[in-house]
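Since the structure comes first, as structure tokens, the remarks are kept for the end.
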Amino acid sequence: MTDLLQPFVPTAADPFDLRKAGHLLRRAGWSGSLRQRRELVSAGVAAAVESVMPAAAVPPGPELLQEAIAFGDIEHVRSHRVHACLQSNHPLRERMSSLWHDHFATSNKKLLDPRSMALQQAMFDRLGLDTFDALLLAVSRDPAMLRWLDNDTNRKGHPNENFARELFELFALGRGCYSERDVVEAARAFTGWHVIDGQFHFLAAYHDAGDKELFGQRAAFGGEQVVSMTAARPESARWIAERLLRFFVHPQPSAEEVEALARCYTQQQRHLGRTVQTLLASRLFFSARVYRSKVKSPAEFVLGLVRLLGARAAPAELARAMGAMGESWLEPPTVEGWPRDMAWLNPATWLLRANFAADLLEGRRGKLRPAADDLVAAAGKPSERVAAAVDLLLDGDVTAASRARLLAFAARRAAAGPGGGAALLHATACTPEFQLL
Amino acid sequence: MTTRRDFLKAAASVPFASLLPAGHDGLWLPRGDDRVLLVLELQGGNDGLNTVVPLHDDTYARARLRLSSVREGALALDAGFGLHGDLAGLHALCKQQLAAVVHGVGYAEPDRSHFRSRDIWHTADPLHQRVAADTTGWLGRAADLLAAGGASMPAASVGSLQVPLLLRARAAAVPTLERAEDFQLGVVTTGGAADERRAALVELLAPNQVPGLPPEAAAVAATAAQAAAMAEKLRTQLQRYEPKADYAGSQLGADLQLVARMAIAGFGTRLFHVGFGGFDTHARQLPTHAGLLRQLGTALGAFAADLAGHGALARTTVLVHSEFGRRLAENASQGTDHGAAAPVFVLGGGVKPGLHGTPPDLRDLIDGDVKPTTDFRALYADLLGWLRIDARRVLGGDFAPLGLYA
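Quick look at the structure:
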């Protein structure tokens, strides 16, 4: 293991403090209350990282999933996802599922099949921290995916290349790591991978059992072999390492970081859970370059604000707010997934975020007013109220420039009296720092 | 090489003055400076061969035993071609001499990936260079030139929540708009004092040049300052508008109506993008494609009628294109796979009506796909010329215009 991935060891000069606990919960989860963050600081970094890992092998709440399926509309399935993220105290499972939903982006806009979408999410929950091989095979047999990329029309003599192309281009290898010939041959191997009554079926009569030439090897490959051969390519290790780094660490990982994590992932036999745990505990993850280096997605902004404030709102309402900001779960815009980082933010989406924060703090539009408002209002002098708001939303860490502006805001008459605490928290949520992950 | 940090620094240092009303926006613009271009992008790869249908081409009929059924009911354009029967709204515009069709638009060495081909159209860079954080789009570069000339909000994306690559600019602030009414800054109202809180918040959001903000935060701060300034401008300038056409309630119609409102108000925004998705018809294409084209024709018809009713059609042009056409041969799923060149539409703005360019020869294909007969950048050059924007600076080279305008 290289230095980058050595465990982070706190020192007096670089302690595991509220900032780092907040960083861990933002990246590996959906933020957490001030109390939870303080508990993690007391527990120390190793226990903190351990605490975000799933506690049990089986995802919780299958009965809620069944209920969402029974209601049969996509809003319910989406609400179920939001609920799962909000209530989880071991949030990495749901966090990984959100990554895989983006990575294997499948949209109900085409499928119009909430049941298959719900089952795909459940599959991500189950396998998102397993080996990439197991995940990729399950994705390749997933009914929602098979229909999304038209593999249910891929038949011997009439191949449909859509799934094979995206498997290489987006899911497992990246452009330039395969040939057009590989796409054509892989498509033949997936012929007959079909969906009947919402379930995967292998239809031998539709399958092309002839020899295929893939990555320079020739044999009568089936889809399973294409998946395992693809996952085992060294290019795939780099592709997945880069993806994990962009998600957990930095929007532009360095070549050295990609190599280091690809090596770790290969040594861990492509086990995602062990790879991610190593990454989250690492020096790299807690380094200055990584801290607040990403822009929050709408989900990270909305769910994070709700959890930081201990606010309450109907999951369906939160899902709609995220959708308006451009992140409607279960409906990614393309097979490429969602945009990232600064692409989320422009004047219009910034306004939606600021207005969501105002609505949440005031209990407007189906939200319950959080008690945090009163805590900040009760803190006394402007500087103490600013400190309380910054502790609550920004782990006590804000640039001098932003703190000065917040102090000027807190000193005004409009920031005192009824609603004054909420107004100050709203202003804090409007600082540039609060948009960063 | 420009790094992401450089890009963010550049984004953060947009002079705030460029966002303030320049004093000669809108109705008081010099002649020719009030022209508006809307790029309407059919996303997913529209089947050009079943949109502008070759009526008597045996090669087409043989390659598409099922899908060539659209020839029945096609709306004739000339002896050889007809519009898909569900494009009645667009066909009416052709009959009124308000629309042009350009055959076979594309680029050499077609890329059949949605994303790469879209990026090529958006950047006007067919060299397939990797898109980086500082990559700009062709309309974004045009917006930069307008911003350098004092325009306050030269470009906007409508309907999408992310600025598409073609509008990515270096200096111009490009917002996305959904409903003009949503574009306001909300505040906490408990205890009254809403106006004072808004004023205090605007002060908090004012752009700053304070050193010490990390580049990411500086870019966010610049966005927030732009948001506050634009919210105020939109709120005050979009008041008066009476629609003169029925947009039929579709999302596409609503997006086009917002563009029409801003064009009619003389808001000063001159470059727009609207996306319309769902054209990736790999399977069971006929009903899906017909439904999409019906929405398209209806929305475009309403848009043109609304603008004409307000006397704004002559200064508004719409380009309708897709990232690629589809393969000549239909597939076994009653659909079509990713292809190459396809026809585009140019509407309004005094365009020379009728069919332009050379129809591709369907017996002379490139890997089963239609070969381009017109480089898409020549089309861009026409549109930029009409907008009186320096095409050479936007496209990075000289492309002979097609002569779509007198």
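Residue numbers (numbering that gives the first Met the number 0), protein chains in the order written: chain L, 0 to 436; chain B, 0 to 405.
Beta carbons are placed, not taken as given, at the ideal position from N, Cα and C, and that holds for glycine.
Quick caveat, the model's predicted, so the values are computed rather than measured.
Listed by position along chain L, the residues whose Cβ is nearer than 7 Å to that of histidine 102 of chain B form an empty set, because the closest Cβ is around 27 Å away.
Closer than 8 Å at the C-beta level to chain L, one finds these residues of the stretch 313-330 of chain B: Asn330. With a threshold of 16 other beta carbon atoms within 10 Å, glycine 43 of chain B meets it and is buried. When L:His200, L:Arg404, L:Leu424, L:Glu361 are compared, the shortest CA-CA separation from leucine 391 of chain L is found for L:Leu424. Annotation: the continuous beta strand (DSSP E) that includes glycine 274 of chain B extends over 270-275.
At a cut-off of 8 Å between beta carbons, histidine 281 of chain B contacts chain L. Looking at the backbone, the Cα of alanine 62 of chain B and that of glycine 103 of chain B are separated by about 18 Å. The count of Cβ pairs closer than 8 Å, one atom from the stretch 333-345 of chain B and one from the stretch 278-298 of chain B, reaches three, so the stretches are in contact.
Partner residues in a beta bridge of glutamate 241 of chain B, as assigned by DSSP, do not exist. The Cβ-Cβ distance between glycine 31 of chain L and arginine 306 of chain L falls below 8 Å. Per DSSP, threonine 229 of chain L is one residue of the alpha helix (DSSP H) stretching across 222-230.
Valine 294 of chain L belongs to the set of residues whose beta carbon lies under 8 Å from a beta carbon in chain B.
DSSP places lysine 370 of chain B outside both helix and strand once states are collapsed to three, so it counts as coil.
Residue burial is scored here from C-beta neighbours: serine 253 of chain L has fewer than 16 other C-beta atoms within 10 angstroms and is therefore classed as exposed. Considering only beta carbons, the part of the stretch 328-344 of chain L lying closer than 9 Å to chain B consists of Pro332, Thr333, Val334, Glu335, Trp337, Pro338, Asp340, Met341, Ala342, Trp343, Leu344, in chain order. Among the bridge pairs identified by DSSP, isoleucine 365 of chain B is matched with B:Asp368. Glycine 248 of chain B sits in coil when the DSSP states are folded into three classes, being neither helix nor strand. Not flagged as an interface residue toward chain L: aspartate 124 of chain B, since no C-beta distance is shorter than 8 Å. Looking at the DSSP output, isoleucine 68 of chain L shares a beta bridge with no other residue.
DSSP places serine 156 of chain B in the uninterrupted beta strand (DSSP E) bounded by 154-157. Glutamate 212 of chain L sits in a strand when the DSSP states are folded into three classes. Taking 8 Å as the CB threshold, glutamine 128 of chain B stays off the interface with chain L. Distance from the Cα of alanine 421 of chain L is smallest, within the candidate group B:Gly191, B:Leu401, B:Gln161, for B:Gly191. If only complete runs of 3 or more residues are kept, the stretch 20-52 of chain L shows no beta strand (DSSP E) anywhere. Among the residues facing chain L, aspartate 143 of chain B is not included, as its CB has no counterpart in that chain under 8 Å away.
For serine 321 of chain B, the enclosing beta strand (DSSP E) stretches over residues 315-321. Nearest CB-CB separation between aspartate 149 of chain L and chain B: below the 8 Å threshold.
Within the stretch 152-163 of chain B, those residues whose Cβ lies closer than 7 Å to any Cβ of chain L are, in chain order, Leu160, Gln161, Val162.
A residue is called buried when at least 16 other Cβ atoms come within 10 angstroms of its Cβ; histidine 55 of chain B does not meet this threshold and is exposed. Pairing arginine 140 of chain L with phenylalanine 199 of chain L gives a Cβ-Cβ distance under 8 Å. Per DSSP, reduced to three states, the secondary structure at tryptophan 120 of chain B is helical. Taking leucine 364 of chain B as the centre and dropping the five residues before and after it, the same chain places the C-beta of Leu327, Lys370 closer than 7 Å to its C-beta, in chain order.
In this structure tyrosine 379 of chain B touches alanine 123 of chain B by the C-beta definition: roughly 6 Å separates them, less than 8 Å. Take the alpha-carbon of leucine 138 of chain B and the one of methionine 324 of chain L: they are about 23 Å apart.
In terms of CA proximity to lysine 232 of chain B, B:Gly265 leads the group B:Asp254, B:Gly265, B:Trp385, B:Gln128.
Against serine 112 of chain B, the close residues of chain L are Arg164, Glu168, Arg174, in the order they occur along the chain (beta-carbon pairs closer than 8 Å).
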